[in-house]
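What follows is a single structure, written as structure tokens, with notes after it.
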Amino acid sequence: MSSIISQILKLKVRPSFTVESLDFKLLRESAASEGVKEQYYGLCTDEPNTLLWVINWPADSRSAEQKQVEYGSQSFREAVKGLDIQSTPSSWYLPFKNADLARPALTAPVCQLCSIRLTSVNANEIMKDSLHKTFTDCYQASGFAGGYWATALNDDRRHYYYLGWETRKLHDDYAKTELYDEEIDKLIPHMEEGTTNYSSMVRHVS
1 MSSIISQILK LKVRPSFTVE SLDFKLLRES AASEGVKEQY YGLCTDEPNT
51 LLWVINWPAD SRSAEQKQVE YGSQSFREAV KGLDIQSTPS SWYLPFKNAD
101 LARPALTAPV CQLCSIRLTS VNANEIMKDS LHKTFTDCYQ ASGFAGGYWA
151 TALNDDRRHY YYLGWETRKL HDDYAKTELY DEEIDKLIPH MEEGTTNYSS
201 MVRHVS
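Numbers 1 to 206, taken from my numbering, label the letters of the sequence shown in order.
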């Protein structure tokens with residue numbers, strides 16, 4: 001399987017926006033024309049007028065070693081900015097050995113995209129076991145559908161988790177358990193911030 005760079009875009013959209021809009025369809029087709037095989041998108045269920053869009057770029061289309069990485073043509077990136085009402089979409093690039101790692105989360109009934117940003121790069125090494133166990137512990141939760149996690153290429157203190165759930169309630173039940181708290185409590189002293197969003201993603205394959 002080929003490696004990918006999975007781009008998470010978070011955009012503020014107009015209240016009248018729908019994922020069926022022509023402008024957004026043309027943007028997805030533009031990404032596909034640049035070699036993208038899989039895209040996922042959906043409106044946030046927890047944040048009004050917010051679009052989540054995941055684009056799985058072929059990793060060999062750009063050096064994964066580049067610090068400030070940008071995928072897609074300049075005209076594509078400008079068009080993406082135009083979709084955001086403030087012209088400032090948030091964007092992170094996550095490297096995966098293959099698309100299969102993230103796919104179970106993106107195709108689950110509930111897709112949770114959450115991140116942990118640590119206070120320093122040194123904390124990455126100190127907390128690497130907890131960062132990973134935070135993910136693997138999810139396999140003991142009822143309703144967990146799979147996924148994976150990675151460190152952002154354009155922010156090496158931010159770690160993004162792609163987590164799939166059968167229902168939001170099953171996730172929320174797990175979040176009340178001691179197992180959930182075990183690694184989070186270790187991470188909190190080293191955390192600058194945490195984010196989380198939920199959506200039911202639509203898959204676009206080309």
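In this text, a Cβ means the ideal position worked out from N, Cα and C, and glycines have one as well. Quantities reported herein were computed from a predicted structural model and do not represent experimental measurements.
**Request:** Could you check if E29 is buried or exposed, using at least 16 other CB atoms within 10 Å of its CB as the buried criterion?
**Result:** Here residue 29 corresponds to residue number 29 of the sequence shown, with the count starting at 1. A residue is called buried when at least 16 other Cβ atoms come within 10 angstroms of its Cβ; E29 does not meet this threshold and is exposed.
**Item:** Alpha-carbon to alpha-carbon, L22 and I188
**Value:** Mapped onto the sequence shown, residue 188 falls at position 188. Mapped onto the sequence shown, residue 22 falls at position 22. Roughly 42 Å between the two C-alpha positions.
**Neighbour-count burial assignment, G147, 16 or more Cβ in a 10 Å radius** = Working through the sequence shown from its first residue, we reach residue 147 at position 147. Label assigned to G147: buried.
**Message:** Let's test the definition: count the other Cβ atoms within 10 Å of the Cβ of A31 and tell me whether it reaches 16, buried, or not, exposed.
**Reply:** For the purposes of this step, residue 31 is identified with residue 31 of the sequence shown, where counting begins at 1. Buried, by the Cβ-count rule.
**Request:** Would you kindly report the start and end of the unbroken beta strand (DSSP E) that includes P58?
**Result:** As a working note, residue 58 is residue 58 in the sequence shown. Counting along the chain, the beta strand (DSSP E) containing P58 begins and ends at 50–58.
**Request:** Leaving aside the five residues before and after K37 along the sequence, list all residues of the same chain whose C-beta is less than 7 Å from its C-beta, in chain order.
**Result:** Numbered from its first residue, the sequence shown carries residue 37 at position 37. So the qualifying residues of the chain are N56, V205, S206.
**Request:** Please list the segments of the beta strand (DSSP E) lying wholly inside the region 7–48, counting only runs of 3 or more residues, in order along the chain.
**Result:** If you keep only unbroken beta strand (DSSP E) runs of at least 3 residues inside the region 7–48, you get 38–43.
**Message:** Against chain B, does N197 count as a neighbour if the rule is that its beta carbon must be under 9 Å from one of theirs?
**Reply:** The question asks about chain B, but that chain is absent: this structure has only one protein chain.
**Item:** Sequence-distant residues of the same chain with beta carbon closer than 6 Å to H190, five excluded per side
**Value:** As a working note, residue 190 is residue 190 in the sequence shown. Taken in chain order, the residues that qualify are L118, T119, A123, M127.
**Same chain only: Cβ atoms within 7 Å of E47, ignoring 5 sequence neighbours per side** = Translated into positions along the sequence shown, residue 47 becomes position 47. Here the set comprises N197.
**Asked** Skipping 5 residues on each side, what residues in its chain have a beta carbon closer than 7 Å to that of C138?
**Response** Here the question's residue 138 lines up with position 138 in the sequence shown. Spatial neighbours of C138 in its own chain (CB-CB distance under 7 Å, excluding positions within 5 residues in sequence) are listed in chain order as F144, L163.
**Message:** Assuming contact is defined by CB atoms lying nearer than 9 Å, are T50 and K81 in contact in what I supplied?
**Reply:** For the purposes of this step, residue 50 is identified with residue 50 of the sequence shown, where counting begins at 1. For the purposes of this step, residue 81 is identified with residue 81 of the sequence shown, where counting begins at 1. With respect to the 9 Å criterion, T50 and K81 are not classified as neighbours on the basis of their beta carbons.
**Prompt:** Excluding the five sequence neighbours on either side, which residues of its own chain have a C-beta within less than 6 Å of the C-beta of P15, listed in chain order?
**Reply:** Your numbering for residue 15 matches position 15 in the sequence shown. Counting only Cβ-Cβ distances below 6 Å, and skipping sequence neighbours, we find N49.
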